[in-house]
Amino acid sequence: MITEYQTNEESKLEEMVKYIVSRVVDHPEMVMVQIDNENDIIHVTLEVDKNDLGKVIGRSGTTAWALRTLIQAVAMKLGKRASFKIVE
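The opening position of the sequence shown corresponds to residue 1 in the UniProt record's numbering, with each subsequent residue numbered one higher.
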């Protein structure tokens, strides 16, 4: 039962990241989020169009930092750690 809850929460995390990033970029149809669960670490990989990479990272990395903070907060709620990677 707990694993079902965590899987549901991880899918909500995926939806949250995709929703936020889709509102920032020019090509929301190119936004892809992948969640991999490895023991007690949630790996979140974000893929966007190469022209939108600057918007996702933000000035001095502020947008990426904010996304990382949100992802870590959700992971902490699940009792896990998180890693976040942006690829083009």
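From the three backbone atoms N, C-alpha and C, an ideal C-beta is built for every residue, glycine too.
**Prompt:** Residues bridged to Ala82 by DSSP?
**Reply:** Along the sequence shown, one-based indexing puts residue 82 at 82. Beta-bridge pairing links Ala82 to Ile42.
**Prompt:** Quick one: Cα of Glu47 to Cα of Val33, how far?
**Reply:** The residue labelled residue 47 in the question sits at position 47 within the sequence shown. The residue labelled residue 33 in the question sits at position 33 within the sequence shown. Answer to the nearest angstrom: the Cα atoms are 6 Å apart.
**Request:** Might you give, ordered along the chain, the residues of its own chain that have their beta carbon closer than 7 Å to the beta carbon of Ala64, omitting 5 neighbours on each side?
**Result:** As a working mapping, residue 64 is identified with position 64 in the sequence shown. If we look at Ala64 and ignore the five residues flanking it on each side, its Cβ neighbours are Val56, Ile57, Gly58 and Ile86.
**Message:** With a threshold of 6 Å on Cβ separation, who are the neighbours of Ile42 within its own chain once the five nearest residues in sequence on each side are excluded?
**Reply:** Stepping through the sequence shown from its first residue, residue 42 is reached at position 42. Within the same chain, Ile42 has close Cβ partners Ala75, Lys80 and Ala82.
**Prompt:** Would you call Glu10 buried or exposed, if buried means 16 or more other Cβ atoms sit within 10 Å of its Cβ?
**Reply:** Start at 1 with the first residue of the sequence shown, and residue 10 comes out as number 10. Answer is buried; the Cβ neighbour count reaches 16.
**Request:** Put Glu88 into one of helix, strand or coil per three-state DSSP.
**Result:** Here the question's residue 88 lines up with position 88 in the sequence shown. Three-state DSSP puts Glu88 in coil, outside helix and strand.
**Prompt:** For Leu53, which residues of its own chain have a beta-carbon under 8 Å away from its beta-carbon, when the five flanking residues on both sides are left out?
**Reply:** Within the sequence shown, the letter at position 53 stands for residue 53. Hits under 8 Å: Ile86 and Glu88.
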